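As C-alpha cells, the structure follows; a few thoughts come after it.
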Amino acid sequence: MFIFTIPPSACSMLDYDSENLNSEEIYSSLRGVTEAIQNFSFRSQEDLMEPLRRDVKRDGTMSGTGASLDSDPRLGGEVLEGGRTALDNKTSLLNTPSPRSFSGPRFPALKGALFEDGVERLRDGRRQECGENKILNPKSFPAGPAEQLELVGELLKELSQSPAGERGAEERRGTLLELLKVAREDSQVVWEEHFKTMLLLLLETLGDKDHTIRALALRVLKEILRNQPARFKSYAELTIMKTLEAHKDSHKEVVRAAEEAVSTLAGSIHPEQCIKVLCPIVQTADYPINLAAIKMQTRAIERIAKEPLHQLLPDIIPGLLQGYDNTESSVRKASVFCLVAIYSVIGEELKPYLAQLTGSKMKLLNLYIKRAQTSTSNSSSSSDISSY
C-alpha cells in the first residue's frame, strides 16, 4: 500500500510558530504545501469496499463463495486495522492510502458481464437517489454526540468517494449542502474529531471540475471560518494559499465565493500571522492573486496594533511599493489603500519607508491619506452628534 506523506517543508505548516518565521521560510513552506495538496486525494476506491471488509472481518470468508479475504482480487489482500478507512482513522489524516488499481475482475467470471452490468446500474440508481434525497430531504442534525460523529463521518466519506459525471456532481452538491449545515453547528466533539479531515477535503474539492461544486466548497469553508476561527491557527498557510488561488477561477461565482472566504479569513486568523504569510505572496504572485493578497493584507492591518505592525514594515513595504508600479490599475489602487491603512495605524513613522516613491506617487498617496482622515473625522463627528 502506498502511503501519502506530506514533505517536511509542508509539515512545518501544521505546527509552526508564526513569531519565529521569516518571509523566506514562509514562502518555502507555501511551495511545499502546494506540492502536497496537489498530490493529496481522499478519493480512494479503498473506501468503497469498507462494508465488504467488515463482513469478511466478521465472518472470515466471502459470503456465498467461501473465498478468503486474501484471495479476493477486489480487495488486494489489504485491510486497514479494525476495518477502518482512512477517513475514519483520525491518526492517519495526513497519510492517506492512494487510489488503488484493481488487479482482478470485479466479479467472478461465472457471474458474467450481464450480472456486472446490472449491479452497476443498481449502484448508479442508488447514487442518484442519494444525491436527490440530500437536496430535497435534508437531514436534521442529531442531538447525541455519537449520532453527530456518525453523520459527519458518513458525509465526509461520501464527499471523498463521489463518482465522476453528472450524477456524482449532484451527489457532491447534496453532501456539501449538508456540510454547510454542520458548519453552523457548535458541536465540539464533531470539530475535535473531524476538523482536519473536513478542511483537507474542502480544499481538495476546490479543484473539482464543476464550478458550482467549487463555489459551494468555498461557502462551507467560509462558514467554518466564521464559527471555528481558532482551529485554523495551524492551517493558516494552507487555507490562505488555496483560497487565494481560487481567485484565478474563470467562473465569477467561484471568484465571488473566494473573495468572501478571504475576507472572512482575514478577520479570523491572528493579524500578525496573516500578514507574515501574505508578504511573500504579495511580492511574488501574479494578477489576480497578488490583488487578492493585498486586499487581504489591508484587512489584517486594520486589526493590528501599532508596535507589531512597525516590526513587520520591512516585510510589508517592498511588496506594496512593487504593487504601486504594477501594470494593473486595480493592483496599484489596492497598494495605495494598503499604505493608507498602515498610515492610519503608525502615522508619520511610515514616511521613511517611502523614500523611493516619485513626487507624483507621493502626492497621490497623500491625497488618499487626507481623504481617509476626512472620512474618519466626519464619521466621528456624526457619532458625537448622535450621542447627544
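Counted the way our numbering counts, the sequence shown spans residues 15 to 402.
Even glycine gets a Cβ: it sits at the ideal position worked out from N, Cα and C.
The model shown is predicted, which means the values in this text are computed figures rather than measured ones.
*To the nearest angstrom, report how far apart I238 and D300 are at their CA atoms.*
Taking the sequence shown and counting its residues from 1, one reaches residue 238 at position 224. Taking the sequence shown and counting its residues from 1, one reaches residue 300 at position 286. Using only the alpha carbons, I get a separation of about 28 Å.
*Do V166 and L194 have their C-beta atoms within less than 8 Å of each other?*
On the sequence shown, position 152 is the one that residue 166 refers to. On the sequence shown, position 180 is the one that residue 194 refers to. No, the pair does not count as a contact, with Cβ atoms beyond the cut-off.
*Look at R187 and T211 and say whether their C-beta atoms are less than 8 Å apart.*
Within the sequence shown, numbered from 1, the residue matching residue 187 stands at position 173. Within the sequence shown, numbered from 1, the residue matching residue 211 stands at position 197. Not in contact: R187 and T211 (Cβ atoms no closer than 8 Å).
*asked:* Assess contact between the region 290–300 and the region 316–325, defined as three or more Cβ pairs (one per stretch) separated by less than 8 Å. Is contact present?
replied: no
*Using the beta-carbon count (16 or more within 10 Å), is V203 buried or exposed?*
Here residue 203 refers to the residue found at position 189 when the sequence shown is read from its first residue. Exposed: under 16 other Cβ atoms inside 10 Å.
*If we ignore side chains and look at the alpha-carbon of each, how far apart do K236 and F209 end up?*
Counting from 1 along the sequence shown, the entry for residue 236 is found at position 222. Counting from 1 along the sequence shown, the entry for residue 209 is found at position 195. Approximately 14 Å between the Cα atoms of the pair.
*asked:* Given this structure, state the Cα-to-Cα distance separating A231 from D263, to the nearest angstrom.
replied: Locating residue 231 in the sequence shown gives position 217, counting from the first residue. Locating residue 263 in the sequence shown gives position 249, counting from the first residue. Cα to Cα, the separation comes out at about 14 Å.
_Reduced DSSP category for P156 - H, G, I as helix; E, B as strand; rest coil_ = Residue mapping note: residue 156 aligns to position 142 of the sequence shown, counting from 1. The answer is coil: DSSP assigns P156 none of H, G, I, E or B.
*Could you tell me if F54 is buried or exposed, where buried requires 16 or more neighbouring beta carbons within 10 angstroms of its beta carbon?*
Here residue 54 refers to the residue found at position 40 when the sequence shown is read from its first residue. The predicted position of F54 is uncertain, since its pLDDT is 46 and thus under 50; a value taken from the coordinates is nonetheless stated next. By the C-beta density criterion, F54 is buried, having at least 16 other C-beta atoms within 10 angstroms.
*So, Y382 versus V350, is the Cβ gap smaller than 8 Å?*
Within the sequence shown, numbered from 1, the residue matching residue 382 stands at position 368. Within the sequence shown, numbered from 1, the residue matching residue 350 stands at position 336. Their beta carbons are under 8 Å apart, which means Y382 touches V350 by this criterion.
*Quick one: residues in its chain with C-beta nearer than 7 Å to the C-beta of N241, no 5 flanking neighbours on either side, listed in chain order?*
Start at 1 with the first residue of the sequence shown, and residue 241 comes out as number 227. Within the same chain, A197, R198 and D200 come within 7 Å of N241 by CB-CB distance, once the 5 residues on both sides are set aside.
_Measuring only the C-alpha atoms, how far is C288 from A280?_
As a first step, residue 288 must be located in the sequence shown, where it is residue number 274. As a first step, residue 280 must be located in the sequence shown, where it is residue number 266. Between C288 and A280, the C-alpha separation is close to 7 Å.
*From E218 to T257, what does the alpha carbon distance come to, in whole angstroms?*
The count along the sequence shown starts at 1 and reaches residue 218 at position 204. The count along the sequence shown starts at 1 and reaches residue 257 at position 243. In a straight line, the C-alpha of E218 is about 11 Å away from that of T257.
*Of the residues E286, D339 and P302, the one placed nearest R317, counting alpha carbons only*: For this step, residue 317 is matched to residue 303 along the sequence shown. Nearest option by C-alpha distance: E286.
*Express the C-alpha separation of A314 and Y367 in angstroms, rounding to a whole number.*
The residue you call residue 367 lines up with position 353 of the sequence shown. The residue you call residue 314 lines up with position 300 of the sequence shown. Across the structure, Y367 and A314 are spaced so that their CA atoms are roughly 20 Å apart.
*Is it the case that the Cβ atoms of I308 and G337 are separated by a distance below 8 Å?*
Indexing the sequence shown from 1 puts residue 308 at position 294. Indexing the sequence shown from 1 puts residue 337 at position 323. In contact: I308 and G337 (Cβ atoms closer than 8 Å).
*Could you tell me how far apart the beta carbons of V345 and L305 are, in whole angstroms, since I believe they sit closer than 8 Å?*
Walking along the sequence shown from the start, residue 345 turns up at place 331. Walking along the sequence shown from the start, residue 305 turns up at place 291. Correct: roughly 5 Å between the Cβ atoms.
*I think L213 touches T189, with their Cβ atoms under 8 Å apart; what is that distance to the nearest whole Å?*
On the sequence shown, residue 213 is found 199 positions in, with the first residue counted as 1. On the sequence shown, residue 189 is found 175 positions in, with the first residue counted as 1. About 15 Å separates the CB atoms of L213 and T189; that is not less than 8 Å, and the two are not in contact.
_Burial state of G182 (16 or more Cβ within 10 Å)_ = One-based indexing of the sequence shown puts residue 182 at position 168. By the 10 Å Cβ count, G182 comes out buried.
*asked:* Classify A348: buried if its beta carbon has 16 or more other beta carbons within 10 angstroms, exposed otherwise.
replied: Locating residue 348 in the sequence shown gives position 334, where the first residue counts as 1. Its Cβ being crowded by 16 or more others within 10 Å, A348 is buried.
*By how many angstroms is the C-alpha of S154 removed from the C-alpha of E342?*
Locating residue 342 in the sequence shown gives position 328, where the first residue counts as 1. Locating residue 154 in the sequence shown gives position 140, where the first residue counts as 1. Cα to Cα, E342 sits roughly 48 Å from S154.
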